[in-house]
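Student:
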Amino acid sequence: MFSFLKSFASIRTLGLGAVALLAASNAHAGITIVAPTPHASEATTEQILSHQYGGSFTALGNGFTNGSVTATRIDDLNDVAWKGDLMTLNAIASFSRSQQSVGLLLGKSGGGYEHLFAVNQFGYLPAASTTVDTSGDFFRFVLDNGGTNLRSSSLTTENPFGDQLVTYQIDGLGKGPSRYLLFWEDAPIGNSDQDYNDLIVEASFAGNGGPTAVPLPPAVWGGLIVLGGMAGAMYHKKRKQLQTA
């Protein structure tokens, strides 16, 4: 049983293994390829990092740095399941014209779905946050695209079309919570531009929470409490026209 201060949406089922993973979405050596955005109105990964953390970010290996803050790419085989205690989510930007909804799937597999917040605005987003007490248990992030009704999980094998999420660990901000930036692709891989900028969310954890690939069974959650003020927030903007292959 899970207690929320805001109501949550009904559960929908992931199409597990419904379609074979497309070659374009396969992670090479654990790193999914991010394509340059083909749209002048959309921001690149470097621009989004600079907007959020200041300075001018340039490439450094598989990540980026502005000289003091570093965004280190997480191996895409390791951002499948997450674990932590108190987690705060901030939606940074959305370069999509479809509504995006973020939630959690409980445990490392299976589990019930809990809706957290929704965004329907193009560009950089006003400051707002949702804080969730995950009780130190495993969970997966979920993105729902209102334009295609595609549900994407941070666990790639739960996605019918491939890897829809790339993740960076943020270091250099001094003492404080551990921070990660989640970059989502909201359209089926193969029918998308694969620039992974449709929704960008910062996840910060009190202590040492974050992604994990430890092969433990799903935890039984005793409670999940949404404390923040972003749950149920909706923003108005026209939907994005998805590219076709």
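In mature numbering (1 follows the signal peptide of the UniProt record, and there is no 0), the protein residues as written are -29 to -1, 1 to 216.
For glycine and all other residues, C-beta sits at the position ideal for the given N, C-alpha and C.
Note that the coordinates shown come from a computational prediction; the quantities given were computed from them, not determined experimentally.
(1) Which complete beta strand (DSSP E) runs does the stretch 117 to 159 hold, if anything under 3 residues is left out?
(2) If I follow the unbroken alpha helix (DSSP H) through Leu20, where does it start and stop?
(3) Measure the alpha-carbon distance for residue 220 versus Gln23 and round it to whole angstroms.
(4) Runs of 4 residues minimum, wholly inside the stretch 5 to 91: which ones carry the alpha helix (DSSP H) assignment?
(5) Cα separation between Asp47 and Pro182?
(6) Please return the same chain residues whose Cβ sits closer than 8 Å to the Cβ of Phe35, not counting the five positions on each side in sequence.
(7) Is Tyr95 helix, strand or coil when you go by DSSP?
(8) Would you call Lys54 buried or exposed, if buried means 16 or more other Cβ atoms sit within 10 Å of its Cβ?
(9) Please list the terminal residues of the continuous beta strand (DSSP E) segment that includes Asp104.
(10) Suppose you measure from the CA of Leu76 to the CA of Thr105; what does that come to, to the nearest Å?
(11) Ends of the beta strand (DSSP E) at Ile2?
(12) Under 8 Å between the Cβ atoms of Arg150 and Leu126?
(13) Measure the C-alpha to C-alpha separation of Val103 and Ala11 and round it to an integer number of angstroms.
(14) Could you pull the DSSP bridge partners for Gly181 from this structure?
(15) Quick check: the Cα distance between Gly38 and Leu144, rounded to an integer number of angstroms?
(16) Around the Cβ of Gly25, are there at least 16 other Cβ atoms within 10 angstroms (buried) or fewer (exposed)?
(17) So what's Asp108 in DSSP terms, helix, strand or just coil?
(18) Starting from the C-beta of Phe154, find all residues in its chain whose C-beta is less than 6 Å away, skip the five residues before and the five after it, and write them out in chain order.
Tutor: Put simply:
(1) Complete beta strand (DSSP E) runs here, min 3: 122 to 124, 136 to 142, 149 to 155.
(2) Element bounds for Leu20: 16 to 24.
(3) The shown model of the chain, from -29 to 216, leaves out residue 220, and the question about it has no answer.
(4) Those alpha helix (DSSP H) runs which fall completely within the stretch 5 to 91 and span 4+ residues are 16 to 24.
(5) Taken atom to atom, the span from the alpha-carbon of Asp47 to that of Pro182 is near 10 Å.
(6) In the same chain as Phe35, and ignoring 5 residues on each side of it, the C-beta atoms closer than 8 Å to its own belong to Thr16, Glu17, Leu20, Phe28, Thr29, Thr41, Ala42, Tyr139, in chain order.
(7) Looking at Tyr95 - three-state DSSP - the assignment turns out to be strand.
(8) Its Cβ being crowded by 16 or more others within 10 Å, Lys54 is buried.
(9) First-last of the beta strand (DSSP E) with Asp104: 101 to 104.
(10) Approximately 11 Å, taken between the alpha carbons.
(11) No beta strand (DSSP E) holds Ile2; DSSP gives it neither H nor E.
(12) Taking 8 Å as the Cβ cut-off, Arg150 and Leu126 do not qualify as a contacting pair.
(13) So the alpha carbons of these two residues sit roughly 35 Å apart.
(14) Looking at the DSSP assignment, Gly181 forms a beta bridge with Lys54.
(15) Cα to Cα, Gly38 sits roughly 12 Å from Leu144.
(16) Gly25 comes out exposed.
(17) Coil, per DSSP.
(18) Val137, Tyr167, Ile171, listed in sequence order.
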